[in-house]
Amino acid sequence: MKKLFLLAVLSAVVCGAAAHPNHIFGVRVGMNIANMTFKAGGVSATPNSVVRPLVAFSYEKSLMHTLPLYFETGLGIAGYGTSVSDGAVKLNAYYFEAPALVNWRFGLTEDVSLIPYLGLSMRVGFAGKVKSGSAKADTFGDGGFDRFDMGVRAGIGVEYRRYSFRFGYDAGFLNLSDVSDVTVRNKTFQLQLGYRF
1 MKKLFLLAVL SAVVCGAAAH PNHIFGVRVG MNIANMTFKA GGVSATPNSV
51 VRPLVAFSYE KSLMHTLPLY FETGLGIAGY GTSVSDGAVK LNAYYFEAPA
101 LVNWRFGLTE DVSLIPYLGL SMRVGFAGKV KSGSAKADTF GDGGFDRFDM
151 GVRAGIGVEY RRYSFRFGYD AGFLNLSDVS DVTVRNKTFQ LQLGYRF
């Protein structure tokens, strides 16, 4: 049984390593199922999730000639936010986003690959509004959240020929609040459809 398992793992590695490109460019579209965590004075809360769009250009660079291990980065625009009390308060935040990930392309067949990935995501906020009834305020800037955010991202993708589907999770670890006893962090599930050139 051990020999059979070892043979299966070795086959997956060899199939994945058979012929892989040195550079991969692509585009992705999808959605964030976004939320935020709030902590103040020992009390924490997680309001309702919201769905926000994302679009990105991606670039992957092979790290080894013999194995399908890649460094992945790119540039995209992604929406984050949350909703409190069934929409009585809505927070929208849009970021320029650049990941720094490592992925491995397991070749399951000649046309199908399984792609787990792990790394960091960096974001700079450029637009957003907080709405409560008829009152509105900017998400970022004076009295708002910090524009810079960073998180840990992990997920898995399935690629068929040049098309891919990805599911991932991103947990922000920087505090977005300037208030000393308040902590606010982004978190999101991501669903992405992609095409590589």
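Heads up, the sequence shown stops at 197 in UniProt numbering, and the numbers go up one at a time, no gaps. Even for Gly, the Cβ is constructed at its ideal location relative to N, Cα and C. All figures in this text were calculated on a predicted structure; none of them were measured in a lab.
Looking at the unbroken beta strand (DSSP E) that takes in residue 64, where does it start and where does it end?
-> Element bounds for residue 64: n/a, residue is neither H nor E.
Residue range of the beta strand (DSSP E) that includes residue 99 = 89 to 104
Name the one or two DSSP bridge partners that residue 25 has.
-> 59
Would you call the CB atoms of residue 90 and residue 131 closer than 8 Å?
-> yes
Using 10 angstroms around the beta-carbon of residue 153, count the other beta-carbons present and answer buried if the total reaches 16, otherwise exposed.
-> buried
Express the C-alpha separation of residue 47 and residue 183 in angstroms, rounding to a whole number.
-> 14 Å
Sheet register partners of residue 164 (DSSP bridge) | 159 and 194
So what's residue 179 in DSSP terms, helix, strand or just coil?
-> coil
Residue 96 versus residue 44: straight-line alpha-carbon distance, rounded | 28 Å
Return helix, strand or coil for residue 119, following the three-state DSSP convention.
-> strand
If you compare alpha carbons, which of 74, 116, 180 and 144 is closest to residue 122?
-> 74
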